[in-house]
Each structure stands twice: as structure tokens, then as C-alpha cells.
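Residue numbers (the numbering used here): 343 to 411. Quick reminder that beta carbons are idealized off the backbone N, C-alpha and C, glycines included.
And the structure:
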């Protein structure tokens, strides 16, 4: 696979994982009344999942983005 395309796919998958995970956690926290929609709690949830996704993506990048030659 083209290295540029491989990188785009890698980042896209991580964005989907971040969005899905953060949205599921947000849904649960909203349903349990941990915070209201549009508050700082919601921003912290999405930001913390974003930071975790970036850390994991960087740590795992070597495994998935190494050259095939």
C-alpha cells in the first residue's frame, strides 16, 4: 500500500475510534446525570479520550506504519 495512503487510513481509524469511544462514554455519563450537555464535563470527556487516542496512536504507529520492503 502507498505509504501516504497507509498514513491517512491509520489516522482516520484513530479518529473514528476516538469519536466512537468518547461518544459512548459521553452518552453513559449524560444518562447517569454526571453532567449536562454543553458543560465543561463534556469537553473534558472528549478531550481526555482525544489525548488517550493520540498517545496510543503514536505508540502503536511503528507497528502499523513500518515499510514493507
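Measure how close the beta-carbons of residue 371 and residue 387 come, nearest whole angstrom, since I'm counting them as under 8 angstroms. At roughly 6 angstroms, the Cβ-Cβ gap stays under 8 angstroms, so residue 371 and residue 387 are in contact.
Determine the DSSP secondary structure at residue 365, reduced to helix, strand or coil. helix
Taking residue 390 as part of the alpha helix (DSSP H), name the residues at either end of that continuous run. Where residue 390 is concerned, the enclosing alpha helix (DSSP H) stretches over 382 to 407.
How would you call residue 364, buried or exposed, if buried means at least 16 neighbouring beta carbons within 10 angstroms? Buried, because 16 or more other Cβ atoms sit within 10 Å of the Cβ of residue 364.
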